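Residue numbers (this note's numbering): 8 to 314.
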Ligand code: NDP
């Protein structure tokens, strides 16, 4: 297969990738975008998005990503399906091989491959995804106002989610598999000072319970094998994310969790001409709006770099 030469190649298609495509196409760089495993990214697997500015009535995640995609197409972005399987970033132009076997040579490369929330691996959690099971408290917490919910995990994300949900919900259970939290001390203190959070130590989720209306409980099991049921309408998973940086890892600097390291307030990576935006480089904010903003920054960084 012959090699295709492109000015700007964007790998990934969430709010970061599509926004980078809008800006780079409007700037005349004829970007080629490969959409990756989940076209449209993580927002396409949530329910409604109510916190993205510009949608006063809220919008489905899928609809929003379709809209941003259309906006990129309108300015000439060349959006394709495919997954990057091999990269050579040792010299410019950068070489990226796709799962179809297509080989591209890019003057500038934007990595916007996102992150994937970790799930427990239970069939019942898949069954109730979007119907009570969520991996994003900030996105979906609002739908559980005044209800009882559970958060799984004991890290900073779980604590932050529990505190956030405690402001909306009647009661929040934190299901923690050990007898200690992994979270930072200040975050632990916040949890301890929030009266409607109850930590259930040394328990794991065995089954998500529910019916056609969605989740109505969770079956827990402790380290001695004893079972306990809690009645909740929402189950929030906060057991970590995996940044989708694997295919770039041998060239790009990553932190200990695999997030691509960007320099200062820019989207520059350690390789000149390679930029990273969205959740693949953001272990902290992880919102659609912050991903879109960093996609814009990556496009502007590309513009400065190529001109
Ligand atoms: P972490 O990896 O730090 O924590 C994951 C938590 O989930 C741990 O308590 C872990 O338990 C638990 N867990 C993992 N797998 C399972 C499972 N299968 N069943 C039950 N429990 C499980 O992930 P976070 O997303 O919390 O944080 C990631 C990084 O982002 C951290 O460096 C964190 O500090 C940072 N962060 C910072 C924030 C801030 O500064 N405001 C906010 C959010 C995150 P165990 O402890 O037993 O391994």
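For every residue, glycine included, the Cβ atom is placed at its ideal position computed from N, Cα and C.
It should be emphasised that the depicted structure is a prediction, and the values quoted were computed from it without experimental measurement.
For residue i, the three-state DSSP class (helix, strand or coil)
i	result
residue 25	helix
residue 211	strand
residue 256	coil
residue 197	helix
residue 175	coil
residue 306	helix
residue 250	strand
residue 82	coil
residue 243	strand
residue 11	strand
residue 107	coil
residue 66	strand
residue 149	helix
Nearest-angstrom Cα separation, counted from residue j out to residue i
i	j	result
residue 60	residue 121	21 Å
residue 99	residue 314	15 Å
residue 41	residue 279	21 Å
residue 140	residue 221	9 Å
residue 201	residue 234	26 Å
residue 127	residue 215	11 Å
residue 113	residue 237	53 Å
residue 110	residue 135	39 Å
residue 296	residue 232	42 Å
residue 255	residue 89	16 Å
residue 17	residue 304	13 Å
residue 203	residue 169	10 Å
residue 46	residue 20	6 Å
residue 309	residue 13	13 Å
residue 58	residue 92	34 Å
residue 5	residue 298	Because residue 5 is not part of the residues shown, which for the chain are 8 to 314, the question remains open.
residue 77	residue 306	18 Å
residue 102	residue 264	25 Å
residue 137	residue 28	28 Å
residue 30	residue 177	43 Å
residue 147	residue 195	23 Å
C-beta atoms of residue i and residue j nearer than 7 Å
i	j	result
residue 186	residue 208	yes
residue 244	residue 133	no
residue 85	residue 39	yes
residue 213	residue 198	no
residue 267	residue 294	no
residue 125	residue 247	yes
residue 172	residue 156	yes
residue 50	residue 68	yes
residue 83	residue 32	yes
residue 56	residue 72	no
heavy atom of the ligand NDP below 6 Å from residue i C-beta
i	result
residue 152	no
residue 130	no
residue 246	yes
residue 155	no
residue 185	yes
residue 290	yes
residue 80	no
residue 127	yes
residue 11	no
residue 163	yes
residue 160	yes
residue 293	no
residue 263	no
residue 233	no
residue 214	no
residue 112	no
residue 315	This structure cannot speak to residue 315, because the chain is shown only from 8 to 314.
residue 209	no
Just checking, does the segment 148-168 make contact with the segment 275-288 on the three C-beta pairs under 8 Å criterion? Result no; under three Cβ-Cβ pairs closer than 8 Å.
Would you call the segment 100-119 in contact with the segment 24-39, where contact means no fewer than 3 C-beta pairs closer than 8 Å? Judged by Cβ distances under 8 Å, the segment 100-119 makes contact with the segment 24-39, as three or more pairs qualify.
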